[in-house]
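Chemist: Line by line, the protein sequences are chains A and B. Numbers given in my numbering equal positions in the first sequence, counted from 1, plus 306. Numbers given in my numbering equal positions in the second sequence, counted from 1, plus 494. Shown below is the structure under consideration.
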Amino acid sequence: MKLARMLVVCAVAAVPAAMAQRWEFGGGAGGGFYTSQDVSAPSGSAAAKIQSNVAAGVWLANNGRGRWGGEARYDYQRGALQLSSGGTQAAFGAETHALHYDILWHAAPSGARVRPFVAAGAGVKVYRGTGAEVVFQPLSNFALLTKARDLTALVSVGGGVKMQLTSHLQLRMDLHDYLTSFPMQVIAPNVGSKVGGWLHDFVPMVGLSYTSTPGE
Amino acid sequence: MLPKSWMLAITGALALAGAALAGSFGLVVPIGGSAADLALDEARGVLYVANFTANRIEVVSLKTNRVQTSINVSAQPGSISLSPDGRWLLVAHFGNNAAPASPTNGLTLIDLTNNNAKQAFALGNPPLGVAFGYDKKALVVTTQEYILFDPVLGTTQVLNTVANVTANTLPVKAATPPTSITTSSIAVSSDYLHAFGIGSSSTTFTFRYDVATHTVSPGGIVLASGIFGPRVVSLNQDGSLGQAGWVMVDLAGNFINLFPQVSNQFSVGTSVFDNKRGLMYAHMPTTAGEAPTLQILDSDNLTLRERLNLPENTTGKSVLTRDASVMYSVSDSGVLVLPIGNLNAAPRLTASAESLVFRGNFCDRKTASQTLFITDPGGGRTPFSIRASAPGISVSPSSGVTPAQVTVTVDPNVFSSQKGTSVVNLTLNSGAAVNVPPPVRVLVNVQEPDQRGTFIDIPGVLVDVLADPARNRYYVLRQDKNLVLVYDSTNNTQIGSMRTYNVPTSLAMTLDNRNLLVGHTKSHTIAVFDLETLQPQPYISSEADNGNVVHSIAVSTNRILASSVDYQGKGHILNVDPVLRNSTQLATLGVYENAVDPDTVVTTSSNASKVMAASADGTVWLYDANVDSFTVSRQDLKSLGGAYAASAFDLFVVGNTLLDSSLVPVAQFESGTGSSSGFAFVDLGGIRTTAPNASSAGIIQHVDLSSASGIRPTRMVEAPLLNTTLGPEKPSVFTRTLAPLPSRNFLVALTTSGITVLPWNYDASVAPPKISGIASAADGKSPVAPGGLVSIFGSQLSPVNMASSEIPIPTALGNSCLTVNGQPTPIIFVSAAQINAQMPRQAIGNVTMTVHTPGGVSDNFNLTVVPNAPAIFLSGQAGSATGLATVVREENSLLVTDSNPVHRRDTLVIYLTGLGTTSPSVGDGMPAPSDPLAQALTMPVVALGDITLPVLYAGLAPGQVGVYQINATVPTNAPQGLGIPLTITQGDWTQTVNVRVVQ
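Structure representation (structure tokens):
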């Protein structure tokens, strides 16, 4: 229910942008690259992260006549949960769903053929452990990779460039860093282990957008 | 071609119709004459039958199984063949009339696509058979030549000649069937690439015909005289195996399998390969005039699977439909129709066990019962009766209708004078069943505390035992199933088996301990197995140009020698060449003739430098590997028999006689303990086994070889085998039944029930057992409840480590037994420090337990048995973690661990013991039923933290003894986290284990 409520809030936030009539709708694909966090235990430590894998997203943007704009995005990423220590590795199937709203500032005015931009925003991210559980998982003394769900707050920063291909079609290249707190339900520290901090998820993506106004 | 459903309906009806004829299988189709051959035309839905005496080809409908029409042909159609395209039916006429009548030998070619138009072709010699190949040309075999016949052109071409064959002439004496006149048969492989045949009553010859090259070659069998019957051949799918009469030959012409005990009549019997199922169907009477039965055998080694009663004798060739659903055989009345693909529609009987074992013990002299299930493999309702062959055993009910459960009850007191194992057969009979069910063996053992060893039930005919010095294994040769059984010598459990050829007799290992050699008396081969992989290797032929079969094998440092019997029944010593994979009959045995008694065995010393041969007629030989020759032959005794062995210190034993390095008898062992069975040299001494008869207690004793005196003779749990066989019709006087294991932890002996395992120090004095504690077997600390599994801790509780897998659980194991308030208790496992057992149902409150061993009886151990004491088994394992609670998630059937945590909404299956009495009640040592389930009378309460879990089932786990299970679901408000307490509460006792719970 918590997830559903968040989705509704984000959708409502996107409504004003959609109402502004100069809108853009698009989708893209790329990859997700996570940083890791150390899970420390009395016996040592293990690096915990999400494995790099494919990412895909869709967005609905409202661009003003000036340089400012805003967009609501949904991003899906595959990528197994991973623990590694001393040459031993454990992995467990997983996926993430992120929903957020970003404010965009374009370096070129509306109507320019090439418009670099920077973006920042916030939203939520859901981590889902989807692997097959087994009776023994390596490195389980550090953390347990779990078939569970984790809902975390998300901060998004990034940028990119939009290139007008036709009157209504844009090519977009983005790079985002999605920051979340460590998902402790799906990578659950075992008794005596500790983990914390932020996970960075760098997501480069290439996509196409349809713009309602020619040359926007 | 008939629709398959029609065929099934018809064949099913046929099977039942056959059953109605007093329990016989199949339908007789009379043809009003004598059938000589048949050919199946499935495309037209007919079977052609050559009616030899009525000069007709009968056309039998496959749908109605009646003669629908007849094709009149010339006199004496003796062999027929259908071309692969179904156009031509070729008929060979055996018209070898004696003067003054003229011969009418010839062929008739019938064009089945042209209104059965006929063409006649004359032959100069009597035709023995015809067979079409895939090239639509036919091989015609006469007494003088092999002819290739082209039906399109009507031409003939002589491919080769036949020598030394004289055909019978007509007329013949009354009541002579066609196969006894033509004495020939040809079969074609189902790919039409190969033909195989046999011919003549003078010099019997076999041949192979390769259709692609039109070449004829010898078939591997040549017989100067005598009957070679039944005079029928059959080929497997690719022609690699052929069956002629009672001999199976391979492509190399080697006799790889022979039928034992064959009456050897020209015209009674049949055989046909079922390539689809890897079987052979054969009618091979053992004596003339016996009731006909169809044997269902494995086609690779002729292991008998089942026997079916036939309504009349088969008398020639058999063919199978392409889908192997129906078999047609030439028979007394014409044709037998046997729906072997729908055997389950015919009433049959089978018992749920080959053996029932009643282990009497010094704790238990009461009447004991076991359950036997009598079923029809096809699921039908077949009436039966069952009876025991000796008093002291009763069966109730003694008759009924399948499926049925009968109770076999044994009164051990009737057998108490034997002090060993008595074997009583239960015979199944039925007026309706078409099969011949094998008897069920009932083993009744009665033993005293001083008797040593534990027997393991191995049904069948066991003939040899051999320890593997390179592996923790020993091998037991089961002759009736053509199997080498492989046993793990650390726990005496069977870990594998290897399939031999027919009727294996003896085992030997190569010097490098890599290969096992197996001799046979119904195969001209020595089977070779790689002991690392347990896989068969190419066989070694023992043919040796004289049709030798092997009795025993000895491997020396110089040669591998085998005692053998040739086709004339004469004994020889063979030199076995494992490189060339063949054997040769040694020209001489040193200065002696190579002629030995047919019952001769060979054995090698442990250093492989000497081989002793011993014959039933009292003759002994010695082969010295150093000089590569036989250096001794003597006959100091009129007969020999029993155990035989050779030592590394130039001493030899045959029966009760000790021989020196020149094989001169130097001493006699005592004979008061019975006949010699097994002997093994160990270091500078020996161990021997003897018994007065098969149902007595055997004796095992060390012997002092300097004086031949016995040391501490000790009674065994049952008698060692006193005779072995070289096949169903041939007993042997020699026995090799004792195998000391190289690890020196056990001695293994072939005994009445199978094998008996004795501890190496079987004759050591044994201290009395002592009980120090008793607890639930689940966790080793919880209290015990009636019907639950318990562990008894102490010292000297058993002289051996042993686990039982018998059902019901025996009340004695490894010479230990246990009583609770004087009541014998089922035992699952014994060792010196621990016994695992099932607490009797009646044991509740304050009880007294005692352990009985050969060392004596323990002091009483008093304990309190509570009504309920749930205890989850801590026997789970995950990675390196052991002792995990046996709580299983139903979703993935895996043990609950931190990495396979409990989820909300999961169903958990908790395995435990100690839930107490159930409804219905289940007998001690008996497995729990599945319908109805045996539910606990007191329902346990299961909780995760403070949240109670709905319990779906609590009671005995079906099929298990003393093991209970609780099925419970996890509610959505169950607490989450690591180490959540899972609590089982029943009555006054609670047990808790910690589990991880997640969303």
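Just so it is clear, CB atoms sit at the ideal spot from N, CA and C, and this is done for glycine as well. Just so it is clear, the structure is predicted and the values come from calculations on it, not from any experiment.
Where does S1109 of chain B fall in DSSP's three states?
Modeler: The sequence position of residue 1109 of chain B within the second sequence is 615, counting from 1. In the structure shown, S1109 of chain B sits in a strand (DSSP, three-state: E or B).
Chemist: Report the residue from B:L1291, B:G1274, B:V646, B:V1341 whose alpha carbon sits nearest the alpha carbon of N1315 of chain B.
Modeler: Against the second sequence, residue 1315 of chain B aligns to sequence position 821. Residue B:V1341 is the option with its Cα nearest to N1315 of chain B.
Chemist: Might you give, ordered along the chain, the residues of its own chain that have their beta carbon closer than 6 Å to the beta carbon of V904 of chain B, omitting 5 neighbours on each side?
Modeler: Translated into positions along the second sequence, residue 904 of chain B becomes position 410. Same-chain partners within the cutoff: F852, A862, I887, V938.
Chemist: Sort B:H1397, B:D685, B:P1207, B:G1373 by Cα distance to R1383 of chain B and report the nearest one.
Modeler: Translated into positions along the second sequence, residue 1383 of chain B becomes position 889. Checking every option, the nearest Cα to that of R1383 of chain B belongs to B:H1397.
Chemist: Within a Cβ cutoff of 6 Å, which residues of the same chain sit near G828 of chain B, ignoring the five residues on either side of it in sequence?
Modeler: Stepping through the second sequence from its first residue, residue 828 of chain B is reached at position 334. Excluding positions up to five away in sequence, the list reads V523, P524, I525, A529.
Chemist: When you compare each of B:G618, B:T670, B:P1348, B:P665 to V652 of chain B by their alpha carbons, which one comes out closest?
Modeler: For the purposes of this step, residue 652 of chain B is taken as the residue at position 158 of the second sequence. It is B:G618.
Chemist: Determine, using beta carbons only, whether G465 of chain A and A335 of chain A come nearer to each other than 8 Å.
Modeler: Within the first sequence, numbered from 1, the residue matching residue 465 of chain A stands at position 159. Within the first sequence, numbered from 1, the residue matching residue 335 of chain A stands at position 29. Result no, Cβ atoms of G465 of chain A and A335 of chain A do not sit closer than 8 Å.
Chemist: Between the beta-carbon of T1094 of chain B and the beta-carbon of A1081 of chain B, is there less than 8 Å?
Modeler: Position 600 of the second sequence, counted from the first residue, corresponds to residue 1094 of chain B. Position 587 of the second sequence, counted from the first residue, corresponds to residue 1081 of chain B. Against a cut-off of 8 Å, the Cβ pair of A1081 of chain B and T1094 of chain B comes out as no contact.
Chemist: So what does DSSP say about L515 of chain B, is it helix, strand or coil?
Modeler: Taking the first residue of the second sequence as position 1, residue 515 of chain B is located at position 21. Annotation note: pLDDT 40 at L515 of chain B (below 50); position unreliable, no value reported.
Chemist: Kindly indicate if chain B contains any beta-carbon less than 8 Å away from that of N368 of chain A.
Modeler: Position 62 of the first sequence, counted from the start, is the residue given in the question as residue 368 of chain A. Cβ-Cβ to chain B under 8 Å: no for N368 of chain A.
Chemist: Just the C-alpha distance for T341 of chain A and G437 of chain A, rounded to the nearest angstrom, thanks.
Modeler: By 1-based counting over the first sequence, the position of residue 341 of chain A is 35. By 1-based counting over the first sequence, the position of residue 437 of chain A is 131. Approximately 21 Å, taken between the alpha carbons.
Chemist: E481 of chain A touches chain B at which residues, Cβ-Cβ below 9 Å?
Modeler: Here residue 481 of chain A refers to the residue found at position 175 when the first sequence is read from its first residue. The question names Glu, yet the displayed sequence has Leu at residue 481 of chain A. In chain order: nothing, as chain B lies at least about 33 Å away.
Chemist: Quick one: what does DSSP say F909 of chain B is sitting in, helix, strand or coil?
Modeler: Within the second sequence, numbered from 1, the residue matching residue 909 of chain B stands at position 415. In the structure shown, F909 of chain B sits in a helix (DSSP, three-state: H, G or I).
Chemist: With a Cβ-Cβ cutoff of 8 Å, do T1459 of chain B and T1219 of chain B count as a contact?
Modeler: Looking up residue 1459 of chain B in the second sequence gives position 965. Looking up residue 1219 of chain B in the second sequence gives position 725. The identity of residue 1459 of chain B in the sequence shown is Gln, whereas the question assumes Thr. Going by C-beta atoms, Q1459 of chain B is not nearer than 8 Å to T1219 of chain B.
Chemist: Given a threshold of 16 other Cβ atoms within 10 Å of its Cβ, counted over all protein chains shown, does A1261 of chain B qualify as buried or as exposed?
Modeler: Here residue 1261 of chain B refers to the residue found at position 767 of the second sequence. When all chains shown are included, A1261 of chain B counts as exposed.
Chemist: Residues in the region 438-462 of chain A with C-beta within 9 Å of chain B's C-beta atoms, listed in sequence order?
Modeler: Cβ contacts with chain B come from A438, E439, V440, V441, F442, Q443, P444, S446, L450, L451, T452, K453, A454, R455.
Chemist: Give me the chain B residues within the contact set of V497 of chain A, using Cβ-Cβ distance strictly less than 8 Å, ordered along the chain.
Modeler: Counting from one through the first sequence, the residue named residue 497 of chain A turns up at place 191. The contacting residues are L1472, G1473.
Chemist: Does the region 608-616 of chain B come into contact with the region 675-689 of chain B, if we say contact requires no fewer than three beta-carbon pairs (one atom in each stretch) closer than 8 Å?
Modeler: At 8 Å Cβ cutoff, the stretches do not touch.
Chemist: With F442 of chain A and A1379 of chain B assumed to form a contact (beta carbons below 8 Å), what rounded beta-carbon distance in angstroms separates them?
Modeler: In the first sequence, counting from the first residue as 1, residue 442 of chain A sits at position 136. In the second sequence, counting from the first residue as 1, residue 1379 of chain B sits at position 885. That belief does not hold up - the Cβ atoms of F442 of chain A and A1379 of chain B are roughly 15 Å apart, past 8 Å.
Chemist: Beta carbon of G736 of chain B, beta carbon of G713 of chain B: below 8 Å?
Modeler: Mapped onto the second sequence, residue 736 of chain B falls at position 242. Mapped onto the second sequence, residue 713 of chain B falls at position 219. The answer is yes: Cβ separation under 8 Å.
Chemist: Please look up how many angstroms separate the CB atoms of G363 of chain A and D344 of chain A, rounded, as I've assumed it's under 8 Å.
Modeler: One-based indexing of the first sequence puts residue 363 of chain A at position 57. One-based indexing of the first sequence puts residue 344 of chain A at position 38. So it is not a contact: roughly 29 Å between Cβ atoms.
Chemist: Nearest-angstrom Cα distance between S711 of chain B and F701 of chain B?
Modeler: Residue numbering aside, residue 711 of chain B sits at position 217 when the second sequence is read from its first letter. Residue numbering aside, residue 701 of chain B sits at position 207 when the second sequence is read from its first letter. Rounded to whole angstroms, S711 of chain B to F701 of chain B spans 6 Å at the Cα level.
Chemist: The beta strand (DSSP E) that contains I1054 of chain B, what's its start and end?
Modeler: On the second sequence, position 560 is the one that residue 1054 of chain B refers to. 1054-1059 is the span of the beta strand (DSSP E), which, as asked, contains I1054 of chain B.
Chemist: Which whole-angstrom value is the C-beta distance of G1065 of chain B and D1091 of chain B, which I expect to be below 8 Å?
Modeler: For the purposes of this step, residue 1065 of chain B is taken as the residue at position 571 of the second sequence. For the purposes of this step, residue 1091 of chain B is taken as the residue at position 597 of the second sequence. Contact holds; Cβ gap of about 5 Å.
Chemist: For the beta strand (DSSP E) that S573 of chain B lies in, which residues bound it at each end?
Modeler: Stepping through the second sequence from its first residue, residue 573 of chain B is reached at position 79. Per DSSP, S573 of chain B belongs to the beta strand (DSSP E) from 571-576.
Chemist: With H, G and I counted as helix, E and B as strand and the rest as coil, what does DSSP make of A625 of chain B?
Modeler: For the purposes of this step, residue 625 of chain B is taken as residue 131 along the second sequence, with counting starting at 1. A625 of chain B falls in the strand class under three-state DSSP.
Chemist: Between Y1138 of chain B and R1230 of chain B, is the Cβ-Cβ spacing less than 8 Å?
Modeler: Against the second sequence, residue 1138 of chain B aligns to sequence position 644. Against the second sequence, residue 1230 of chain B aligns to sequence position 736. Contact: yes.
Chemist: Identify each residue in the region 1394-1410 of chain B for which the Cβ-Cβ distance to at least one residue of chain A is less than 9 Å, and report them in chain order.
Modeler: Listed by position, the residues of the region 1394-1410 of chain B near chain A (Cβ gap below 9 Å) are N1394, P1395, H1397.
Chemist: Give a yes or no on whether 8 Å exceeds the smallest Cβ distance from A1372 of chain B to chain A.
Modeler: Locating residue 1372 of chain B in the second sequence gives position 878, counting from the first residue. It does: the Cβ of A1372 of chain B has a partner Cβ on chain A nearer than 8 Å.
Chemist: With DSSP as the reference, label L1028 of chain B as helix, strand or coil.
Modeler: Numbered from 1 along the second sequence, position 534 holds the residue referred to as residue 1028 of chain B. Residue state, collapsed to three classes: coil.
Chemist: Buried or exposed: which applies to T1113 of chain B, given that a residue is buried once 16 or more other Cβ atoms fall within 10 Å of its Cβ?
Modeler: Locating residue 1113 of chain B in the second sequence gives position 619, counting from the first residue. The residue is buried, with at least 16 neighbouring Cβ atoms inside 10 Å.
Chemist: Whose Cβ in chain A lies nearer than 7 Å to the Cβ of T1391 of chain B?
Modeler: Start at 1 with the first residue of the second sequence, and residue 1391 of chain B comes out as number 897. Result: V441, F442.
Chemist: Within 8 Å, do at least three Cβ pairs link the region 796-806 of chain B to the region 769-786 of chain B?
Modeler: Counting Cβ pairs under 8 Å, three or more are found: they touch.
Chemist: For G350 of chain A, which option in A:P510, A:R455, A:S446, A:L451 has the closest C-alpha, if you only look at C-alpha atoms?
Modeler: Indexing the first sequence from 1 puts residue 350 of chain A at position 44. The shortest C-alpha separation from G350 of chain A is found at A:S446.
Chemist: To which residues does DSSP link H403 of chain A through a beta bridge?
Modeler: Sequence index remark: in the first sequence, residue 403 of chain A carries index 97 (1-based). Note: H403 of chain A sits in a beta bridge opposite A:Y382, A:V432.
Chemist: Measuring only between beta-carbons, confirm whether V468 of chain B sits less than 8 Å from chain A.
Modeler: Outside the shown range of chain B, which is 495 to 1493, sits residue 468 of chain B, and nothing can be said about it.
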